[in-house]
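Participant: Residue numbers (UniProt numbering): 1 to 170. I have a structure I would like to understand better, so I am pasting it below and will then ask my questions one at a time.
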C-alpha cells in the first residue's frame with residue numbers, strides 16, 4: 001500500500017474542510033481512516049481513488065444571480081481549479097452528512113467509491129429527494145446550460161471567435 005506524502009495539498013484541503021473548532025488532529029485522523037477504509041473496500045491505492053472522486057464531483061461552472069429591475073437573471077460563470085476542488089469536496093461531505101448510523105470516515109469512503117463507480121448510494125435509492133455529489137454536479141451543469149444565453153460576450157470577442165472557428169473548419 002502506498003502511503004501518501006504528509007503534506008499532500010488535496011489531503012490538507014480535505015482536512016481543513018472537515019475540521020471543526022480548530023481540532024485539526026481529529027480531522028487528520030478522520031482523513032487517514034477514510035483512506036484506510038477506501039483501501040479496505042477496494043484493495044487499491046486510496047489516494048488516486050480520492051483524487052478521482054473529487055475530480056468527478058467537481059463542477060465546471062456555477063450560476064450567479066443578478067437582478068435587473070424586477071427580474072432575476074442567472075449567469076453561468078467558469079470556476080477556477082481551486083474553486084472546483086472546493087465545491088467537489090464540499091458536496092462529497094454534504095452527501096454523507098445525514099446518514100448518522102456510521103462514522104464519518106466510513107460514510108465518506110463509501111461516497112467516494114460510489115462516485116468513482118458512478119453509481120447511486122443506498123441513501124439515494126431510498127430517498128429520491130436526496131442529492132448526492134454527482135447529482136448536485138448534474139443539476140448545476142443543467143442549470144448553467146439552461147441559462148447559457150445570459151453569458152455576456154464582448155462584440156469584438158464574438159467576431160474573433162467566429163473567424164477562428166471558420167478558419168479551423170477549412
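Note that beta-carbon positions come from the ideal geometry of N, C-alpha and C, so glycine has one too.
Between the region 61-78 and the region 101-112, are three or more C-beta pairs nearer than 8 Å?
Facilitator: They do not touch, by the three-pair rule.
Participant: At 3 residues or longer, what runs of the beta strand (DSSP E) sit wholly inside the region 43-86?
Facilitator: Runs found: 61-68 and 71-78.
Participant: By how many angstroms is the C-alpha of residue 138 removed from the C-alpha of residue 63?
Facilitator: Going by the C-alpha atoms only, they are around 13 Å apart.
Participant: Within 10 Å of its beta-carbon, does residue 67 have 16 or more other beta-carbons around it, so buried, or fewer, so exposed?
Facilitator: Answer is exposed; the Cβ neighbour count stays below 16.
Participant: Alpha carbon to alpha carbon, how far is residue 55 from residue 82? Give it in angstroms, no decimals.
Facilitator: Cα to Cα, residue 82 sits roughly 11 Å from residue 55.
Participant: Alpha carbon to alpha carbon, how far is residue 88 from residue 59?
Facilitator: The straight-line gap from Cα to Cα measures roughly 7 Å.
Participant: Considering only C-alpha positions, which residue in the set 24, 42 and 109 is nearest to residue 33?
Facilitator: Selected option, being the one with the closest Cα: 109.
Participant: Mark residue 61 as exposed unless 16 or more other C-beta atoms lie within 10 angstroms of its C-beta, in which case mark it buried.
Facilitator: Buried is the call here.
Participant: Mind checking residue 116: buried by the 16 CB within 10 Å criterion, or exposed?
Facilitator: By the neighbour-count rule (16 or more Cβ atoms within 10 Å), residue 116 is buried.
Participant: What do you get for residue 118, buried or exposed, if any count of 16 or more other CB atoms within 10 angstroms of its CB means buried?
Facilitator: Exposed, since its Cβ has fewer than 16 Cβ neighbours within 10 Å.
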